[in-house]
Amino acid sequence: GFAKYNNNFGWINPKFAHVVGPQAFSHFTHTVSRGALIVVDVQGFQDFRGCPQELYTDPQINSMPPEKPFGKADMRQKGIDKFFSTHRCNEVCHHWDRWLKQGGAVDTCPAALPAADV
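The sequence shown runs 18 to 135 under the working numbering.
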């Protein structure tokens, strides 16, 4: 079913705090943008039929100047700071970090890492 995982100002839904993908996704967007932005207000659906996947809808972007704000809900630096004040890196964050350090490209799948690295 539908779930709201976090918002644009650091809140993490306690009902879904155990779901590591959405928080790692937000963290990953900040990393690959080199700190220029972060995708937050992550909400959507989990689908466990076949290959487990999550479909995120209606996100918000918090950006840093000189980027143009992404609408009225872009909390800019304060929103980015609030995300990281509540975020605790999880196994997916560490997996993607290793993948990037090994030369991973944004257009390839981090699942290609050897199983021992997950």
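Virtual Cβ for every residue (Gly too), placed ideally from N, Cα, C.
Proximity of residue i and residue j at Cβ, strictly below 8 angstroms
i, j, result
"R93", "P86", "yes"
"A20", "Q63", "yes"
"C110", "H44", "yes"
"Q60", "H104", "no"
"N79", "G96", "yes"
Distance between residue j and residue i (C-alpha atoms, nearest Å)
i, j, result
"Y22", "D58", "7 angstroms"
"G88", "I55", "14 angstroms"
Three-way DSSP call (helix, strand, coil) for residue i in this model
i, result
"G96", "helix"
"K89", "coil"
Residues of its chain near residue i, where Cβ-Cβ distance is below 6 angstroms and the 5 sequence neighbours each way are ignored
i, result
"N30", "K21 and Y22"
Contact set for residue i: own chain, Cβ-Cβ below 7 angstroms, skip 5 residues either direction
i, result
"A53", "S80, M81 and E84"
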